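Trainee:
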Amino acid sequence: MDIQEQSTSTAINKIHSFVEKFRADLLLVQRDALLTADTYCIAVEQFCMWCSSSRIKLKDVRAQNILYFLSYRSTSNCSSQTMAKDISALRAMGSYLCRTGVWEENYALMIDRPRADRNLPSVLSVEQVEKLLSQIDETTVIGKRDAALFELIYSCGLRISEACSLLVNNIHMDENVIIVRGKGSKERIVPFGQEAKNKLNAYLEVRSQLTGDKVVDEAFVNYMGKPISRKGVWKNFQNLEALSGVKSKVHTLRHSFATHLLQGGADLRTVQELLGHSDLSTTQIYTHVDDKELSDYHKKYFPGHN
Numbered sequence: 010m011d012i013q014e015q016s017t018s019t020a021i022n023k024i025h026s027f028v029e030k031f032r033a034d035l036l037l038v039q040r041d042a043l044l045t046a047d048t049y050c051i052a053v054e055q056f057c058m059w060c061s062s063s064r065i066k067l068k069d070v071r072a073q074n075i076l077y078f079l080s081y082r083s084t085s086n087c088s089s090q091t092m093a094k095d096i097s098a099l100r101a102m103g104s105y106l107c108r109t110g111v112w113e114e115n116y117a118l119m120i121d122r123p124r125a126d127r128n129l130p131s132v133l134s135v136e137q138v139e140k141l142l143s144q145i146d147e148t149t150v151i152g153k154r155d156a157a158l159f160e161l162i163y164s165c166g167l168r169i170s171e172a173c174s175l176l177v178n179n180i181h182m183d184e185n186v187i188i189v190r191g192k193g194s195k196e197r198i199v200p201f202g203q204e205a206k207n208k209l210n211a212y213l214e215v216r217s218q219l220t221g222d223k224v225v226d227e228a229f230v231n232y233m234g235k236p237i238s239r240k241g242v243w244k245n246f247q248n249l250e251a252l253s254g255v256k257s258k259v260h261t262l263r264h265s266f267a268t269h270l271l272q273g274g275a276d277l278r279t280v281q282e283l284l285g286h287s288d289l290s291t292t293q294i295y296t297h298v299d300d301k302e303l304s305d306y307h308k309k310y311f312p313g314h315n
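Heads up, the sequence shown is in our numbering, so the first residue is 10 and it goes up one at a time.
What follows is the structure, given as structure tokens:
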């Protein structure tokens, strides 16, 4: 290893050490949720790597440097929502650096967050959802797990993090409900149907083939018997996407759940409760998806009258 490689390796180790200390502060001092801490740490690590490549020491960073970094991020086609999250992460980092005496003031607070785009969420039809899920090979243990996992995400409108953290003890088969821990550690009760029940039963019967003698609280585990990660879920879903030809994301299943409920006549308050939204305005975006669908039908069948 030459001098330059040694220098690069040392810099990366220092960044990882700083990010770990920052993460510990978020969890233990600021009492942030684990998902928030992980999201912030990803953004802060990217910022520190950029500073290192630009030969800027963290103690010398000022608002102008943060603006340059955000400009660099914008060239990566980041959405305004992602940029807003980055700024929130850097503000949290700035607070930590002020409390530890590295910065005299929180320079990240000088940067305004962009207004988040309220783009309409992508939604799949029932037929597209069925086409996606039908690609799962349910003859294998992993296939049985994925069938239960993705059916539950769709039919219960779960976030990926909620599915990954779902506990075995929070699955109540007799009552056909699960207890979900959502954002801010808020719990909600969500019912599931017969299809989900069948797939859950099939998976739970063979789950021990993955966990072995280990006691694992989380319901969904990987091939090593450890709790499945969000990255693992994304990777498996991408395989289904490729096999089915249906362009989608895991979170689209949650969007589809909400939209299909509203199309079926469910009221907005019920959908809000099932999704775990704290603000009704967040749920209301799904009513605009229906409006858009009506508009699309109108344009298709009444061309020239729009």
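Cβ coordinates follow ideal geometry from the N, Cα and C atoms, glycine included. Remember, it's a predicted structure, so these values are computed and weren't measured experimentally.
Throw me the rounded Cβ distance for the Arg82 and Met92 pair, which I believe falls under 8 Å.
Mentor: The pair is a contact, with the Cβ atoms about 7 Å apart (cut-off 8 Å).
Trainee: Are the beta-carbon atoms belonging to Leu142 and Glu160 less than 8 Å from one another?
Mentor: Yes, the Cβ-Cβ distance between Leu142 and Glu160 is below 8 Å.
Trainee: Assuming Ile187 contacts Cys165 under a Cβ cut-off of 8 Å, what Cβ separation, rounded to an integer in Å, is found between them?
Mentor: That belief holds up - the Cβ atoms of Ile187 and Cys165 are roughly 6 Å apart, short of 8 Å.
Trainee: Determine the direct distance from the alpha carbon of Asp183 to that of Val70, and round the result to whole angstroms.
Mentor: Distance between the alpha carbons of Val70 and Asp183: 57 Å.
Trainee: DSSP state of His260, grouped into three classes?
Mentor: If DSSP states are grouped into helix, strand and coil, His260 belongs with the helices.
Trainee: Along the chain, where does the alpha helix (DSSP H) that runs through Ile151 open and close?
Mentor: Looking at the DSSP string, the run of the alpha helix (DSSP H) that includes Ile151 is 150-165.
Trainee: Who are Pro130's beta bridge partners in DSSP?
Mentor: Its beta-bridge partners do not exist; DSSP assigns none.
Trainee: Relative to the alpha-carbon of Ser63, which residue among Phe78, Ile24, Ala72, Cys50 has its alpha-carbon at the smallest distance?
Mentor: Ranking Phe78, Ile24, Ala72, Cys50 by Cα distance to Ser63 puts Phe78 first.
Trainee: Check this for me: beta carbons of Glu282 and Arg197, under 8 Å apart or not?
Mentor: Contact flag set, yes.
Trainee: Rounded to whole angstroms, what is the Cα-Cα separation between Gly285 and Val138?
Mentor: If I take the Cα positions, the gap works out to 22 Å.
Trainee: Look up Leu176 in the DSSP assignment and give the residues it is bridged to.
Mentor: Glu227, per the DSSP bridge assignment.
Trainee: First and last residue of the alpha helix (DSSP H) that includes Ile75?
Mentor: Its alpha helix (DSSP H) spans residues 72-83.
Trainee: Pair every Cβ in the segment 216-224 with every Cβ in the segment 241-255, then say whether three or more of these pairs are closer than 8 Å.
Mentor: No: the two stretches stay apart, fewer than three of their Cβ pairs being nearer than 8 Å.
Trainee: Alpha carbon to alpha carbon, how far is Glu227 from Gln73?
Mentor: In a straight line, the C-alpha of Glu227 is about 44 Å away from that of Gln73.
Trainee: Report yes if the CB atom of Asn144 is closer than 8 Å to the CB atom of Ser253, and no otherwise.
Mentor: Note on identity: in this sequence residue 144 is Gln, with Asn being the wrong assignment. Cβ atoms of Gln144 and Ser253: closer than 8 Å.
Trainee: Mapping DSSP to helix, strand and coil, what is His25?
Mentor: Correct three-state label for His25: helix.
Trainee: Go through its chain and collect everything with a Cβ distance to Gly239's Cβ below 8 Å, but skip five positions before and after it.
Mentor: According to the sequence displayed, residue 239 carries Arg and not Gly. Closer than 8 Å at the Cβ level, and outside the excluded window around Arg239, lie Ile169, Ser170, Cys173.
Trainee: Tell me the rounded alpha-carbon separation between Ser18 and Gln55.
Mentor: Using only the alpha carbons, I get a separation of about 16 Å.
Trainee: So, for Phe311: in the same chain, excluding its five sequence neighbours on each side, which residues have a beta-carbon less than 7 Å away from its beta-carbon?
Mentor: Unreliable positioning characterises Phe311 in this predicted model, as indicated by a pLDDT of 44, which lies under 50. The coordinate reading is nonetheless provided below. Counting only Cβ-Cβ distances below 7 Å, and skipping sequence neighbours, we find nothing.
Trainee: Drop a sphere of 10 angstroms on the beta-carbon of Ala117, count the other beta-carbons inside from all chains shown, and report buried for 16 or more, exposed for fewer.
Mentor: Classification of Ala117: buried, given that the 10 Å Cβ count is 16 or more.
Trainee: Kindly identify the DSSP beta-bridge partner or partners of His181.
Mentor: Val186.
Trainee: Could you name the residues that DSSP lists as bridge partners for Glu196?
Mentor: Paired residue(s): Arg190.
Trainee: Would a C-beta distance cut-off of 8 Å place Leu167 and Arg263 closer than the cut-off?
Mentor: Yes, they are a contact pair.
Trainee: Going by CA-CA distance only, name the one from Ile96, Gly193, Gly103, Pro130 that's closest to Asp121.
Mentor: Closest option to Asp121, Cα to Cα, is Ile96.
Trainee: Considering only their Cβ atoms, is the gap separating Ala98 from Lys153 smaller than 8 Å?
Mentor: For Lys153 and Ala98, no; Cβs fall outside 8 Å.
Trainee: In whole angstroms, give me the CA-to-CA distance for Leu277 and Val224.
Mentor: When rounded, the distance between both Cα atoms is 39 Å.
Trainee: Drop a sphere of 10 angstroms on the beta-carbon of Leu133, count the other beta-carbons inside from all chains shown, and report buried for 16 or more, exposed for fewer.
Mentor: Leu133 comes out buried.
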